[in-house]
Amino acid sequence: MSKLTTTAEGIRRLVRDGDRVSAACGLEARIPFSAGHEIIRQNKRDLTLVGPISDMLYDQLIGAACVRALEVAWIGNVGAGLGHNFRRAAEANPPQIRIVDYTNLTYAIGLRAAAEGVPFGVTRSLFGTDIGSQREPFRKIDDPFGSDPVFAVRAIPVDVAIVVAQRVDENGNAHVWGNLGTTGDSVRAAERVIVIAEELVAPDVIRGDPNRTLVPGFLVDAVVIEPGASHPSPVEGYSERDHGAFEAYHRATRTPEGWALWRREWIDGIADRAAYMRKVRA
Amino acid sequence: MNARLLMVVAAARQIHDHEVVFAGMRLPLLGFAVAKATHAPNAVGLFENGLIREIPAAGMVVTMGDGPNQRHATLATSLIDVMGMLQRGHVDVGFLGGAEVDALGNLNTTKVGSTRLPGSGGGSDIAAHARRCVFIMEHERRRFVERVAYVTSHPSGPVTLITTLGVFALGAGPARVVSLHPNVSRERVAEETGFSLDYSGEQTTPEPTPAELEAVRTADPTGFWTGASQ
Chain A
1367 MSKLTTTAEG IRRLVRDGDR VSAACGLEAR IPFSAGHEII RQNKRDLTLV
1417 GPISDMLYDQ LIGAACVRAL EVAWIGNVGA GLGHNFRRAA EANPPQIRIV
1467 DYTNLTYAIG LRAAAEGVPF GVTRSLFGTD IGSQREPFRK IDDPFGSDPV
1517 FAVRAIPVDV AIVVAQRVDE NGNAHVWGNL GTTGDSVRAA ERVIVIAEEL
1567 VAPDVIRGDP NRTLVPGFLV DAVVIEPGAS HPSPVEGYSE RDHGAFEAYH
1617 RATRTPEGWA LWRREWIDGI ADRAAYMRKV RA
Chain B
13 MNARLLMVVA AARQIHDHEV VFAGMRLPLL GFAVAKATHA PNAVGLFENG
63 LIREIPAAGM VVTMGDGPNQ RHATLATSLI DVMGMLQRGH VDVGFLGGAE
113 VDALGNLNTT KVGSTRLPGS GGGSDIAAHA RRCVFIMEHE RRRFVERVAY
163 VTSHPSGPVT LITTLGVFAL GAGPARVVSL HPNVSRERVA EETGFSLDYS
213 GEQTTPEPTP AELEAVRTAD PTGFWTGASQ
């Protein structure tokens, strides 16, 4: 049965207030900006965003007050540095968001534990750091088979993973290439999965190159075909990073008023991604 | 000779031939390209987003996910695969930067006072597992502190710190001056450094060779990173 739908319908059906959402799997590439903007338009609330890095998408969700907590390794605007909405929310007194600080590797290890259905993973990172002194995600434990201690990283559960693929069939089997980040584990860890792809292809195309299949369709709940869904982040083989858009966002959002104007122009005033792409190309 | 150019070349010289490098972004990534083009043609670059490269990117790269950094990679895989190799001990040298550094080589990229910064990214893991680290930073007193406010990254090996003023060695023992850039005085360095320095081995940072300059121009043709405006 076809799982094809629209971003708006997929978000309406599969993202719930209070969810733990992974919308950052490819680090600086394949970021589902269209889905993030739809989450903002639908006014989802109290989300916990997880991920290694999402470039400026998480900054936008924080600015729109969709976010209660962050469990991330890095947050900001990669080309420009900091994310203004994130800073305002984190520096408010009292803070408007709760932050659990990971490192890229410890995030990936916690996510993999969730993807494999075990309670924790282990790492030799974190020794001597203040990150490692956070008790909620990390505990120093003895190696049961040896003498040196290691850090346990608690499994990072995910309610809904939103991932961008290059191509997908109507059952959700998806080919992804370029750097993969944490895409595979995000899908395997999640309770619900939305795949957003540049192209719809026949199942035979997927089966013609199974090593390229990162997402098995049986884990997928919704399939969206939406060219440009990742703009301004790059999709290898389809589009380059639009550096100017990241810089413009950085300049525009220095103040809350600037963010409100940016949001009105690029999110609230836009019906869907097709309209967004027409505006980008205008 | 502008400081950025000296820093890129100094970074390149930290990479030895056949080494495995966590090259990061910005100036270190240029340093990797310069090293590959000059004295270290067999160096291998690892990227935490899941890429492994044996040849530098052909084209301007702002983030490691950019098209030019993806194309002609040798391997494109998952974050945990590449960072797992780092944890396993396969990386010789890792490049990092931060808001604050102290004489022990600790880096802070998380928070200073009420100011919230972006966080570790892969930095803390690189510091923990690379055999040695190279930090690249603006040399300012507010950044060079006795003790960092928050330890994001704690290096397990020796640290070479390349700044806008010179090259320094951090880690075991007191912080040492390796070299000061041409026309930089000890007084200027002391003003901008919040911890004491041992000058006994001080030299002058060598000027780039013609081959290194040529390699920088190839890797940064528009001078975006190393031009006079920087």
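Chains as they are written, first to last, in this note's numbering: chain A, 1367 to 1648; chain B, 13 to 242.
Each residue gets a CB set at the ideal place from its N, CA and C atoms; glycine is no exception.
- Message: Can you check which of these residues, G131(B), D137(B), L87(B) and N195(B), is closest to F107(B) by C-alpha distance?
- Response: Residue D137(B) is the option with its Cα nearest to F107(B).
- Task: Check the C-beta distance from V1561(A) over to V1524(A) and give it rounded, since I have them as a contact under 8 Å.
- Result: Wrong, their Cβ atoms sit about 14 Å apart, outside the cutoff.
- Query: Who are the Cβ neighbours of C145(B) in its own chain at under 8 Å, not counting the five residues just before and after it?
  - Reply: Cβ neighbours of C145(B) beyond the five flanking positions: V105, G106, F107, L108, G117, I138, A139, P167, G169, P170, V171 and T172.
- Task: Would you tell me roughly how many angstroms separate the C-alpha atoms of S241(B) and M19(B), rounded to the nearest one?
- Result: Interpretation of S241(B) is limited by its pLDDT of 47, a score under 50 that renders its predicted location unreliable; the figure taken from the coordinates is listed afterwards. Their Cα atoms are separated by approximately 15 Å.
- Task: Buried or exposed for K1506(A), please, with buried defined as at least 16 other CB atoms from any protein chain shown within 10 angstroms of its CB.
- Result: Within a 10 Å sphere around the beta-carbon of K1506(A) sit fewer than 16 other beta-carbons, which makes this residue exposed.
- Message: Can you tell me where the alpha helix (DSSP H) holding L1471(A) begins and where it ends?
- Response: N1470 to E1482 is the extent of the alpha helix (DSSP H) around L1471(A).
- Task: Name the residue from R1617(A), R1382(A), A1618(A) and I1465(A) whose alpha carbon lies nearest to the alpha carbon of I1497(A).
- Result: It is I1465(A).
- Item | chain A contacts made by the segment 29-61 of chain B, where a contact means CB separation under 9 Å | Across the segment 29-61 of chain B, CB contacts with chain A closer than 9 Å involve M37, F59, E60 and N61, in sequence order along the chain.
- Nearest chain B C-beta to I1465(A) closer than 9 Å, yes or no? Put simply, the CB of I1465(A) is near chain B, with a gap under 9 Å to one of its CB atoms.
- Query: How should A1640(A) be labelled, buried or exposed, when 16 other C-beta atoms within 10 angstroms of its C-beta is the threshold for buried?
  - Reply: Burial state of A1640(A) is exposed, judged by a 10 Å Cβ sphere holding fewer than 16 other Cβ atoms.
- Task: Decide if G1544(A) is buried, meaning its Cβ has at least 16 other Cβ atoms within 10 Å, or exposed.
- Result: Residue environment: G1544(A) is assigned as buried (16 or more neighbouring CB atoms within 10 Å of its CB, all protein chains considered).
- Task: Could you list which residues in chain B have their beta carbon closer than 7 Å to that of A1441(A), in chain order?
- Result: Looking at the sequence shown, residue 1441(A) is not Ala but Ile. P130 and G131, listed in chain order.
- Message: Please list, in chain order, the chain B residues whose beta carbon lies closer than 7 Å to that of E1602(A).
- Response: Under the 7 Å cutoff, chain B gives G79 and Q82.
- Message: How far does the alpha helix (DSSP H) with T255(B) in it extend, from its first residue to its last?
- Response: Nothing in the structure corresponds to residue 255(B), since chain B is present only between 13 and 242.
- Task: Please classify K1369(A): is it buried, with 16 or more other beta-carbons within 10 angstroms of its beta-carbon, or exposed?
- Result: Buried, because 16 or more other Cβ atoms sit within 10 Å of the Cβ of K1369(A).
- Message: Let me confirm a value: N1539(A) is counted as buried when at least 16 other C-beta atoms fall within 10 Å, else exposed. Which label applies?
- Response: Counting Cβ neighbours within 10 Å, N1539(A) comes out buried, since at least 16 surround it.
- Would you please verify whether the beta carbon of L98(B) is less than 9 Å from any beta carbon of chain A? Judged by the 9 Å Cβ criterion, L98(B) is in contact with chain A.
- Task: Assuming G185(B) and T217(B) form a contact by the criterion Cβ under 8 Å, report the distance between their Cβ atoms to the nearest whole angstrom.
- Result: Rounded, the Cβ-Cβ distance is 21 Å, inconsistent with contact.
- Verify whether the separation of the beta carbon atoms of F1511(A) and T1489(A) is less than 9 Å. Between F1511(A) and T1489(A), the C-beta spacing is not below 9 Å.
- Message: Tell me the rounded alpha-carbon separation between G1442(A) and V33(B).
- Response: Rounded to whole angstroms, G1442(A) to V33(B) spans 25 Å at the Cα level.
- Determine, using beta carbons only, whether R1520(A) comes closer than 9 Å to chain B. With 9 Å as the cut-off, R1520(A) does not count as an interface residue toward chain B.
- Do you know how far the Cα of I1522(A) is from the Cα of G1483(A)? In this structure, the straight-line span from the alpha carbon of G1483(A) to that of I1522(A) is close to 10 Å.
- Item | Cβ pair count under 8 Å reaching 3, the segment 1587-1598 of chain A against the segment 1396-1414 of chain A | Taking 8 Å as the limit for Cβ pairs, the verdict is that the segment 1396-1414 of chain A does touch the segment 1587-1598 of chain A.
- Taking only beta carbons into account, state which residues of the segment 1381-1401 of chain A come closer than 7 Å to chain B, listed in chain order. Taking 7 Å as the Cβ-Cβ cut-off against chain B, the residues of the segment 1381-1401 of chain A that qualify are G1392, L1393, E1394 and A1395.
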